[in-house]
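**Q**
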Amino acid sequence: MLHQLMKIKQHRERGLRNELAHTTRLRQQVEQEISLLQQHRNEIKDKWQLACLELTGVIDHRVLIRWSEHMHSYQLKYEAIGQQISMQQQIHTRLTQEEIELQGMLRQVLRSQDKINYMILEGVDN
81 MLHQLMKIKQ HRERGLRNEL AHTTRLRQQV EQEISLLQQH RNEIKDKWQL ACLELTGVID
141 HRVLIRWSEH MHSYQLKYEA IGQQISMQQQ IHTRLTQEEI ELQGMLRQVL RSQDKINYMI
201 LEGVDN
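If you count by my numbering, then the sequence shown holds residues 81 to 206, one letter each, in order.
1. Buried or exposed, going by whether 16 or more other CB atoms sit within 10 Å of the CB of Arg87?
2. Please classify Glu238: does DSSP put it in a helix, a strand, or coil?
3. According to the neighbour-count rule (16 or more other Cβ atoms, all chains shown, within 10 Å of its Cβ), is Leu96 buried or exposed?
4. Enumerate in chain order the residues of its own chain whose CB-to-CB distance from Ala131 is below 7 Å, with the five nearest sequence positions on each side excluded.
5. What does a CB cutoff of less than 8 Å around Gln90 pick up in its chain, not counting 5 residues either side in sequence?
6. Just confirm the distance between the C-beta atoms of Ile171 and Leu117, as a whole number of angstroms; I'd bet it's less than 8 Å.
7. Among the candidates Arg187, Leu182, Arg191, whose CA atom is the shortest distance from the CA of Ala101?
8. Quick one: what's got a C-beta closer than 7 Å to Glu134's C-beta in the same chain, skipping five residues either side?
9. Tell me whether Ile114 sits in a helix, a strand or coil according to DSSP, three-state version.
10. Counting C-beta neighbours from all protein chains within 10 Å, is the total for Val110 16 or more, i.e. buried, or is it exposed?
11. In chain order, what residues of the same chain have a beta carbon less than 7 Å from the beta carbon of Lys127, not counting five sequence neighbours either side?
12. Leaving out five residues before and five after Leu175 in sequence, what residues of the same chain have Cβ atoms less than 7 Å from its Cβ?
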């Protein structure tokens, strides 16, 4: 009976390890996505700042309107990327918590395997 229980615990361990590996991969992908989004957001900010410096001298009303629209589009892009980053950070937090929970469950399964193995070695199964 202890051998059957040990097989069940080993099966659970494999399942937890697979789930943990999958969650870790997802978290790493989200980290990469956050990094790319932050990089893209910084590029938008740099372009925005350069565009601000381009407006010099005397300008007519139409140029000012176009420039203002251009600035607004940078602002919208910048804010949209900020929202995407925020969503990705929430996903990252959830995946990190999931990893911690899975690691705890894995530790419990390994401890129970150790206990069962000890009982098998001591001949409690006889």
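We put the beta carbon where it would ideally sit given N, CA and C, even for glycine.
**A** Per the coordinate set shown:
1. According to the sequence displayed, residue 87 carries Lys and not Arg. Exposed, by the Cβ-count rule.
2. Nothing can be reported for residue 238, as the shown portion of the chain is limited to 81 through 206.
3. Looking at its Cβ environment, which holds 16 or more other Cβ atoms inside 10 Å, Leu96 is buried.
4. Correct list, in chain order: His150, Met151, Tyr154.
5. Sequence-distant Cβ neighbours of Gln90 in its own chain, meaning closer than 8 Å and more than five residues away, are Gln193.
6. At roughly 12 Å, the Cβ-Cβ gap does not stay under 8 Å, so Ile171 and Leu117 are not in contact.
7. Comparing Cα positions, the closest option is Leu182.
8. The same chain holds no residue with a CB closer than 7 Å to that of Glu134 once the five nearest residues on each side in sequence are set aside.
9. Helix, per DSSP.
10. Val110 should be labelled buried.
11. Counting only Cβ-Cβ distances below 7 Å, and skipping sequence neighbours, we find Tyr154.
12. The residues are Thr103, Leu106, Arg107, Val110.
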